[in-house]
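Here's the structure we're looking at; comments come further down.
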Amino acid sequence: MSRGGITSGFIVSLLGTLLLPGCAGVSVAPADNGTQYVLSYAENQKEEYPTTRGAQYFASKVEEKTNGKVKINIFPEAQLGDETSTIEQLTFGGIDFTRVSLATLTDYSEEAVVLMMPYLYRDSDHMWRVLDGGIGDEVMTSFEGSGIVPLSWYDAGVRSFYTAQRVDSLAGMKGLSIRVQPSALMEDTIRALGADPVPVEFENVYSALQTGEVDGAENNWSSYEAMDHYNVAPYYMEDEHTRIPELQIMSESTREKLPEEYLAVIDECAKDSAEYERRLWQEQEDAAKEKVLSSGCSEIKISSSEKEKFKEAVEPLYEQYCAGHMDLVNDIRETE
Ligand code: GCU
């Protein structure tokens with residue numbers, strides 16, 4: 000099954016042996032090992048990153064619990080394409096699973112936008128109480144009919160700005176060109192803060208920083224370290240403007256082809272893998288921060304009154320992006 004030049008990850012090995020054309024890494028489901036389904040999982044982070052380790056855990060649990068009948072091959076480092084394109088491929092079954100930032104899923108659900116609004120959560124615990132409570136499930140349900148089936152929420156910490164030249168205030172953001180994820184909300188957030196947004200896919204951010212195409216970017220400590228951005232943008236200002244959770248998602252068209260018993264295993268293992276990833280997250284984030292700071296990068300802390308200025312600047316975005324969902328915003332804000 001090959002569409003648009005990309006090989007489908009969904010392979011039913013009815014004859015025992017199947018060749019996956021064009022998909023480097025996966026080729027044969029050996030005739031004698033009992034594998035019935037070989038599925039693909041796209042990741043844009045590196046092998047040792049918490050979300051990829053979560054994916055590996057997921058794949059190994061699924062394989063174990065289906066007695067080797069379902070095998071999931073993981074393709075890290077955007078081998079199957081950037082996030083926007085892997086989501087598109089997944090909607091028609093060209094890729095079976097992926098884990099993506101919610102920022103790249105907002106075209107598929109209006110409610111998803113709410114969950115990534117700037118300064119929405121008080122802290123990480125608040126975000127997890129929201130996602131693990133009814134609201135997380137409600138937003139997952141809002142993807143119905145999109146071809147995407149959300150499986151579990153993964154952690155991605157909190158995002159802050161980092162720049163090639165020192166910036167330590169809202170005033171310092173003025174006129175800077177800042178890389179953003181391909182997301183209208185992120186672009187408007189940057190504009191509201193006085194800077195110019197430049198959408199660049201994750202894989203190309205390092206070179207955009209290095210060549211000076213952008214003055215800065217924004218992300219969590221773990222990505223800042225894993226993608227070597229700290230080597231080209233050594234000033235990390237902890238404005239903590241947004242927490243964007245990540246979703247592990249599955250193709251609806253793949254689900255239609257799998258037996259119920261395997262779907263139940265997949266759903267359960269996805270939730271377990273999210274717990275695993277969340278445990279890893281804190282540990283790896285601390286290690287990433289320590290590594291970049293010991294390499295000579297500056298951690299710029301801003302005062303709470305300065306942070307208030309950032310919050311005030313982005314507040315109008317709530318009216319623009321959440322007008323039809325203010326109840327949801329209020330429910331989130333009121334979550335204890
Ligand atoms: C996070 C996320 C990536 C995403 C990236 C980005 O680091 O884990 O999947 O691509 O943000 O800023 O694009």
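Just so we're aligned: the sequence shown equals residues 0 to 335 in numbering that gives the first Met the number 0.
Glycine included, C-beta positions come from ideal geometry on N, C-alpha and C.
Using the Cα positions of Q297 and P233, report the straight-line distance between them to the nearest angstrom.
-> Per the sequence shown, residue 297 should be read as Ser rather than Gln. Distance between the alpha carbons of S297 and P233: 6 Å.
Return the residue from the list P49, S39, N66, A312 that minimises the CA-CA distance to E224.
-> P49
Candidates R277, L327, K288: which alpha carbon is nearest S151's?
-> R277
Can you have a look at G215 and say buried or exposed, based on whether 16 or more other CB atoms are within 10 angstroms of its CB?
-> buried
Start and end residues, beta strand (DSSP E) containing H240 = 234–241
CB-CB length for L327 against V99, believed under 8 Å | Not a contact, Cβ separation roughly 21 Å.
Cβ-based burial, A315 [other Cβ within 10 Å; buried from 16] = In the sequence on display, residue 315 carries Pro and not Ala. Answer is exposed; the Cβ neighbour count stays below 16.
Proximity of D238 and S141 at Cβ, strictly below 8 Å | no
Pair within 8 Å by beta-carbon distance, M126 and Y120 = Going by C-beta atoms, M126 is nearer than 8 Å to Y120.
Excluding sequence positions up to five away, which residues of its chain have a Cβ less than 6 Å from the Cβ of W336?
-> A question about residue 336 goes unanswered here, because the residues of the chain that appear run from 0 up to 335.
Could you tell me how far apart the beta carbons of Y40 and I86 are, in whole angstroms, since I believe they sit closer than 8 Å?
-> With a Cβ gap of about 13 Å, Y40 and I86 do not count as contacting.
For S302, the three-state DSSP class (helix, strand or coil) | coil
Could you tell me the boundaries of the beta strand (DSSP E) in which E149 lies?
-> First, the residue type needs correcting, since residue 149 is Pro and not Glu in the sequence shown. From DSSP, the beta strand (DSSP E) with P149 extends over 147–153.
Can you tell me where the alpha helix (DSSP H) with F57 in it begins and where it stops?
-> Counting along the chain, the alpha helix (DSSP H) containing F57 begins and ends at 49–64.
Around the Cβ of Q337, are there at least 16 other Cβ atoms within 10 angstroms (buried) or fewer (exposed)?
-> Only positions 0 to 335 of the chain appear in this structure, which leaves residue 337 out of reach.
From D122, L257, L175, V112, pick the residue whose C-alpha is nearest to that of S182; which is it?
-> V112
State yes or no: is the C-beta of Q44 nearer than 7 Å to some heavy atom of ligand 1?
-> yes
Beta-carbon proximity list for K308, same chain, < 7 Å, skipping 5 on both sides | L169
When burial is assigned at 16 or more other CB atoms within 10 Å of the CB, is K60 buried or exposed?
-> When all chains shown are included, K60 counts as buried.
Identity of the residue in S84, L114, E311 nearest E347 by Cα | Past the boundaries of the shown model lies residue 347; the chain is included only from 0 to 335, so the question cannot be answered.
Unbroken alpha helix (DSSP H) runs of length 4 or more, entirely within the region 174–243: which are they?
-> 183–191, 204–210, 220–225
So who's on the other strand from N72, going by DSSP bridges?
-> Per DSSP, S39.
With a cut-off of 8 Å on the beta carbons, I'd call E378 and D81 a contact; round off their distance for me.
-> Here the chain comprises residues numbered 0 to 335, so residue 378 is not present and cannot be evaluated.
Looking at C-alpha atoms only, which residue of G93, G33, T105, P149 is the closest neighbour of K270?
-> Ranking the options by Cα distance to K270, first place goes to P149.
Continuous beta strand (DSSP E) assignments of at least 3 residues falling wholly in the region 86–139 = 96–100
With a 10 Å radius around its C-beta and 16 neighbouring C-beta atoms as the bar for buried, classify E42 as buried or exposed.
-> buried
Beta-carbon separation (whole angstroms), I248 vs T97, contact threshold 8 Å | That belief holds up - the Cβ atoms of I248 and T97 are roughly 6 Å apart, short of 8 Å.
The alpha helix (DSSP H) spanning L262 covers which residue range?
-> 259–293
Should A269 be listed as close to ligand 1, given that the test is whether its C-beta is under 7 Å from any heavy atom?
-> A269 Cβ: outside cutoff for every heavy atom of ligand 1.
Rounded straight-line distance, which links the Cα of S145 to that of D106 = 10 Å
beta-carbon A155 near ligand 1 non-hydrogen atom, thresh 7 Å | Yes, the beta carbon of A155 sits closer than 7 Å to at least one heavy atom of ligand 1.
For Q180, verify whether its CB is less than 7 Å away from any heavy atom of ligand 1.
-> yes
Out of L175, S206, V204, Q209, which has the shortest C-alpha to C-alpha gap to D195?
-> The residue with the shortest Cα to Cα distance from D195 is L175.
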